[in-house]
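Novice: Here you go, one structure.
Numbering (the numbering used here), first residue to last: 961 to 1138.
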């Protein structure tokens, strides 16, 4: 596993968890959990992870379940002899590669929608908050951003489409190299 790919994955984990739980501390904690799981190269239960990270089991489960739901961590479900279900969590190179591929697919899809929208209409942008407005919205707000109260600026669609298309090409090349 290349260092660049691992760092991209760790940043992706940290930002996703920070955004989901609206807490940068949770993002940093998730990053530490994933780093620990990757370095240990073994499957650990949520109780064991909580003990090793010195956090509550509820916090560990909350983060681990979110990461599992977004396919950023591997999970194995086992049944104990007394019919209890236990989950063990792991991170390996395959999990990291799949997580990066899924994120590239998601971002590429959104950028493709942006290119299609730019090709179909006229857009204006607020220079302060960078929010995008269609021609209808610009006319409804009299050319003023309703949030910042600043004059909206016309976007040259061709330049914007070319810029986004270059980003899409880079993402496709990166996805094919994984």
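For each residue, glycine too, the CB sits at the ideal point set by N, CA and C.
Treat the numbers as computed from the prediction; the structure is a model and nothing was measured.
Please name the residue or residues paired with residue 969 in a DSSP beta bridge.
Specialist: Residue 969 pairs with nothing; no bridge assigned.
Novice: By the three-class DSSP mapping on this structure, what secondary structure does residue 1038 have?
Specialist: It is a strand residue.
Novice: With three or more beta-carbon pairs closer than 8 Å as the criterion, would you say the segment 1122–1136 touches the segment 1047–1058?
Specialist: The answer is no - the segment 1047–1058 does not touch the segment 1122–1136, with fewer than three Cβ pairs under 8 Å.
Novice: Please list the terminal residues of the continuous beta strand (DSSP E) segment that includes residue 985.
Specialist: That residue, residue 985, is in no beta strand (DSSP E); its alpha helix (DSSP H) goes 984–1000.
Novice: Taking 7 Å as the limit between beta carbons, can you name the residues of its chain near residue 991, skipping five residues before and five after?
Specialist: Hits under 7 Å: 970, 973 and 974.
Novice: Buried or exposed for residue 1063, please, with buried defined as at least 16 other CB atoms from any protein chain shown within 10 angstroms of its CB.
Specialist: Residue 1063 is buried by the Cβ-count criterion.
Novice: What are the boundary residues of the beta strand (DSSP E) that residue 1094 is part of?
Specialist: 1092–1094 is the extent of the beta strand (DSSP E) around residue 1094.
Novice: Mapping the DSSP letters down to three states, classify residue 1112 as helix, strand or coil.
Specialist: Three-state DSSP puts residue 1112 in coil, outside helix and strand.
Novice: Output the boundary residues of the alpha helix (DSSP H) element that contains residue 1054.
Specialist: From DSSP, the alpha helix (DSSP H) with residue 1054 extends over 1053–1080.
Novice: Answer yes if the segment 1082–1093 comes into contact with the segment 1108–1118, meaning at least three C-beta pairs across the two stretches below 8 Å, and no otherwise.
Specialist: Yes: the two stretches touch, three or more of their Cβ pairs being nearer than 8 Å.
Novice: Determine the direct distance from the alpha carbon of residue 1009 to that of residue 981, and round the result to whole angstroms.
Specialist: Cα to Cα, the separation comes out at about 19 Å.
Novice: Give every residue of the same chain whose Cβ lies closer than 7 Å to the Cβ of residue 987, excluding the five residues on either side of it in the sequence, and list them in chain order.
Specialist: 974, 975, 977 and 978.
Novice: Report the rounded CA-to-CA distance for residue 1073 versus residue 1097, giving the unit in angstroms.
Specialist: Going from the Cα of residue 1073 to the Cα of residue 1097 covers about 19 Å.
Novice: Compute the distance between the beta-carbons of residue 1024 and residue 1006, then report whether it is under 7 Å.
Specialist: It is a contact, given that the beta carbons lie within the stated cut-off.
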